[in-house]
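Input: a single structure, listed below in structure tokens.
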Ligand SMILES: [Mn+2]
């Protein structure tokens, strides 16, 4: 059996609120599906965060539908699980249900596995850390069920401690050992390692969701994995896409205007030297006090013809952290100590709780209400 493993396509993500960036994510998805079809696999598995939101826009739904319909039309099975971004937070149907209507298979609680020929394919939707026990239970059940079949594949969208130090739900030992291929999503950097009877792999995101991911892209590329399960140990090969928009990061010190203009000229030559089909995103880290208006004008005037956008951020002085000597860590207390304000602590702590449960949507609403000065009752957000 030959499969293509794709993950974290985040369709609908509009980075920097730019339409071009939204389109980049669609383009990456279409390109990888096209390349997948050319490999003539039996199936395509997608390990979550197909969409950037559990309520994708019609455009995002349309793009997903087109690509998946195409794959299905070539006789390729499409199997997916909801991820942390596209799983409804409370009750409700994941957007994937729409794709089920087309003939894709969505593995989640009500249908945790399928069998294709003699291959067992099990999957679990993203499960926040607070439900870790349920997750472990489900893993055990799948492992037992899988043992009846010759080849076994497991689909997960979770963080593993080794790769996500502070936001993981699992450690490597939690993952059953009797599968041949572990298709994982959630970690945006591509990686493959030995586990159980075969290989464990994060396919990574297909576009650059945050600046740091561009560094990963330069090191390990972006795209999918082509997995051949015909031999005892699966062979995992990279399938790379070439439509990733470049991100350039430069640090500058606050200096005279002449110095800054020299800096701009150097960057200009560099950008032109890239010979990229897509205009790069430039990230400028600024150290020291600057005249922001002048800085912005200078970069925009001299570089806007060759860049998609310039993002500025301040490089703050190193923060000194106090050492903590307490027996158990009380998060609320730590926040209180740092912020020294009861209201802000309440907000930060509520946010912390929501986010540690993966409830990005409520966290987002909370912040939005707060910023608009419309936050009347924080209790509503307490979990
Ligand atoms: Mn993701």
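In our numbering, the protein residues as written are 153 to 535. Note that CB positions come from ideal geometry on N, CA and C, so glycine has one too. Only a predicted model underlies this, so the values are computations on that prediction, with no experimental measurement involved.
With the criterion CB distance below 5 Å from any heavy atom of ligand 1, the matching residues run 160 and 201 along the chain. Boundaries for residue 273: no alpha helix (DSSP H) harbours it, while the beta strand (DSSP E) harbouring it runs 271-275, taken from the DSSP string.
In this structure, DSSP gives residue 180 a helical state, which the three-state scheme calls helix.
Here residue 384 is exposed: its Cβ has fewer than 16 other Cβ atoms, across all protein chains shown, within 10 Å. Fewer than three Cβ pairs drawn from the stretch 209-228 and the stretch 281-291 lie within less than 8 Å of each other, which leaves the two stretches out of contact. The Cβ atoms of residue 172 and residue 460 lie closer than 7 Å to each other. Remark: C-beta atoms of residue 261 and residue 238 do not approach each other more closely than 7 Å. Around the C-beta of residue 525, fewer than 16 other C-beta atoms lie within 10 Å, and the residue is accordingly described as exposed. Annotation for residue 159: 199, 337 and 355 place their beta carbon closer than 6 Å to its own, counting only its chain and skipping 5 residues before and after. Note that the C-beta distance between residue 203 and residue 164 is below 7 Å. Pairwise C-beta distances place the stretch 392-405 in contact with the stretch 413-433, as three or more of them are shorter than 8 Å. Taking 7 Å as the cut-off, the beta carbon of residue 156 is found no closer than this to the beta carbon of residue 208. The stretch 404-417 makes no contact with the stretch 356-366; the number of CB pairs closer than 8 Å stays below 3. Comparing alpha carbon positions, the residue from 357, 381 and 167 closest to residue 373 is 357.
Counting along the chain, residue 389 sits inside the beta strand (DSSP E) bounded by residues 387-392.
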